[in-house]
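Student: Counting in the numbering used here, the sequence shown runs from 238 upward without gaps.
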Amino acid sequence: MTAEPMIDSHGDQTATPAPVTVRASLSPSRAADFKTCPLLYRFRSIDRLPERPTVEQARGTLVHAVLERLFDLPAAARTPESAGDLVAPQWDRLVTEEPELATLFADGDVVGPQEFLRSATALLDGYFAVEDPRRLEPAEREALISAVVDDELLIRGYLDRLDVAPDGALRVVDYKTGGAPREAFEARALFQLKFYALVLWRTRGVVPRVLRLLYLKDAEVCDYAPEADELVRFERTVVALWRAIEQATARQDFRPRPSRLCDWCNHQALCPSYGGTPPPFPTPTAAPDPLVDARSRPVAPGADE
238 MTAEPMIDSH GDQTATPAPV TVRASLSPSR AADFKTCPLL YRFRSIDRLP ERPTVEQARG
298 TLVHAVLERL FDLPAAARTP ESAGDLVAPQ WDRLVTEEPE LATLFADGDV VGPQEFLRSA
358 TALLDGYFAV EDPRRLEPAE REALISAVVD DELLIRGYLD RLDVAPDGAL RVVDYKTGGA
418 PREAFEARAL FQLKFYALVL WRTRGVVPRV LRLLYLKDAE VCDYAPEADE LVRFERTVVA
478 LWRAIEQATA RQDFRPRPSR LCDWCNHQAL CPSYGGTPPP FPTPTAAPDP LVDARSRPVA
538 PGADE
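Right, dumping it as structure tokens:
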């Protein structure tokens with residue numbers, strides 16, 4: 238398998254144009270959707286059904302935004318108080334950019350939004366319990382990284398944070414605003430981080446030394462050290478997964494896979510497992526854009542929390 242580098246980070250680097258052989262793209266979120274439930278993948282990536290944001294997702298997005306902006310401050314100013322001061326302005330910015338977020342709370346509800354902002358601040362306290370940002374200078378934040386594997390599949394995703402040690406060692410950091418992981422959620426989180434590790438290895442020639450999950454609600458840290466042989470096997474898994482997606486698309490056959498994660502699904506009313514009927518399989522009106530999967534942005538920070 239081969240890979241071509243494609244790296245972008247807030248416009249600080251110029252992205253290399255995708256090779257002409259690229260005909261599909263896959264993000265860790267969409268790959269995890271298919272692994273979890275093929276029908277969920279169809280609803281999000283093919284039907285592109287709208288999903289109303291939840292309070293939990295919005296809170297995750299807000300906390301990610303605050304932690305990104307926190308590192309814009311001088312090191313000495315990265316305090317819990319400074320982070321708290323960023324919460325309300327960042328929420329206002331997010332609502333301006335995505336007005337749908339304003340519908341999370343009923344008109345005239347004053348307590349709900351205030352409690353929402355307080356809960357976000359509490360998660361930031363969890364962050365400061367496990368890290369001291371005054372001692373960190375991240376190399377990249379909210380960086381889009383991508384690589385081409387198997388000569389035609391673009392894999393890409395947004396890193397919450399990438400730290401680079403003086404000796405060149407890489408540490409991938411991902412913020413999780415939910416509680417400490419249960420088995421199903423931990424597996425999804427590690428799948429996401431291995432996805433990033435594979436891209437970094439293929440584009441920079443360095444296997445990240447540490448993949449770090451920061452669980453802010455419970456102030457817990459989960460570290461994982463990948464190995465090159467493991468990433469080779471993971472690359473095969475990703476390519477095989479995409480081939481399975483292509484086969485399901487050609488057959489228009491995306492079956493539900495019920496699990497406890499169904500409790501959080503937006504699309505139960507359309508799922509046969511709950512007595513629903515999926516919409517007719519969409520007929521493409523034009524050749525699909527290989528660089529667009531479920532969303533033009535692979536996933537909003539915090540949206541999978």
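Note that CB positions come from ideal geometry on N, CA and C, so glycine has one too.
In terms of residues, what are the limits of the alpha helix (DSSP H) holding leucine 276?
Tutor: 275 to 278
Student: Consult DSSP for cysteine 499 and reduce its assignment to one of helix, strand or coil.
Tutor: Three-state result, cysteine 499: helix.
Student: Please work out which residues of its chain come closer than 7 Å, Cβ to Cβ, to alanine 313, disregarding the five sequence neighbours upstream and downstream, and give them in chain order.
Tutor: Arg371
Student: Look up glutamate 457 in the DSSP assignment and give the residues it is bridged to.
Tutor: Tyr452
Student: Spell out a yes or no on whether the segment 467 to 475 and the segment 432 to 446 are touching, meaning 3 or more CB-CB pairs, one atom from each, closer than 8 Å.
Tutor: yes
Student: Considering only the beta carbon of each residue, do proline 290 and leucine 360 sit closer than 8 Å?
Tutor: no
Student: Provide the residue span of the alpha helix (DSSP H) that contains glutamate 379, from first to last.
Tutor: Per DSSP, glutamate 379 belongs to no alpha helix (DSSP H); it is in the beta strand (DSSP E), 377 to 386.
Student: Between which residues of its own chain and alanine 366 is the CB-CB distance below 7 Å, once the five residues before and five after are set aside?
Tutor: Around alanine 366: Ala456.
Student: Assuming histidine 504 and leucine 263 form a contact by the criterion Cβ under 8 Å, report the distance between their Cβ atoms to the nearest whole angstrom.
Tutor: At roughly 20 Å, the Cβ-Cβ gap does not stay under 8 Å, so histidine 504 and leucine 263 are not in contact.
Student: So what's valine 401 in DSSP terms, helix, strand or just coil?
Tutor: strand
Student: So for arginine 315, helix, strand or coil by DSSP?
Tutor: coil
Student: Does the count of Cβ pairs from the segment 316 to 335 and the segment 345 to 363 closer than 8 Å reach three?
Tutor: Because the criterion of three Cβ pairs below 8 Å is met, the segment 316 to 335 and the segment 345 to 363 touch.
Student: Have a look at the DSSP bridge pairing and note the partners of serine 356.
Tutor: Partner(s): none; serine 356 has no beta bridge.
Student: Does the segment 384 to 397 come within contact of the segment 482 to 489, defined as at least 3 CB pairs closer than 8 Å?
Tutor: The segment 482 to 489 and the segment 384 to 397 do not touch, with fewer than three beta-carbon pairs separated by less than 8 Å.
Student: Quick one, are the C-beta atoms of alanine 357 and leucine 299 less than 8 Å apart?
Tutor: yes
Student: Please classify alanine 261: does DSSP put it in a helix, a strand, or coil?
Tutor: strand
Student: Touch check for the segment 398 to 417 and the segment 445 to 454: three-plus C-beta pairs under 8 Å?
Tutor: yes
Student: Using a Cβ-Cβ cut-off of 7 Å (strictly less than) and excluding sequence neighbours within five positions of arginine 425, which residues of its own chain qualify?
Tutor: Ala269
Student: Ignore the nearest five residues each way along the sequence and tell me which others in leucine 390's own chain have a CB closer than 6 Å to its CB.
Tutor: Ala261, Trp479
Student: Looking at the unbroken beta strand (DSSP E) that takes in arginine 408, where does it start and where does it end?
Tutor: 407 to 413
Student: Whose C-beta lies closer than 7 Å to the C-beta of tryptophan 328 among residues of the same chain, with five residues either side of it excluded?
Tutor: Within the same chain, and ignoring the five residues on either side of tryptophan 328 in sequence, the residues whose Cβ sits closer than 7 Å to its Cβ are Leu299, Leu354.
Student: With the cut-off set at 8 Å, would you say proline 495 and aspartate 284 are in Cβ contact?
Tutor: No, Cβ-Cβ distance for proline 495 and aspartate 284 is not below 8 Å.
Student: Taking a contact to mean a Cβ-Cβ separation below 8 Å, would you say lysine 413 touches leucine 373 in this structure?
Tutor: The answer is no: Cβ separation not under 8 Å.
Student: If you measure between the beta carbons of valine 469 and isoleucine 382, is that distance less than 8 Å?
Tutor: Contact flag unset, no.
Student: In chain order, what residues of the same chain lie with their CB nearer than 8 Å to the CB of alanine 343, ignoring the 5 residues before and after it?
Tutor: Gly349
Student: Exposed or buried, which one is proline 493 when buried takes at least 16 other CB atoms within 10 Å?
Tutor: buried
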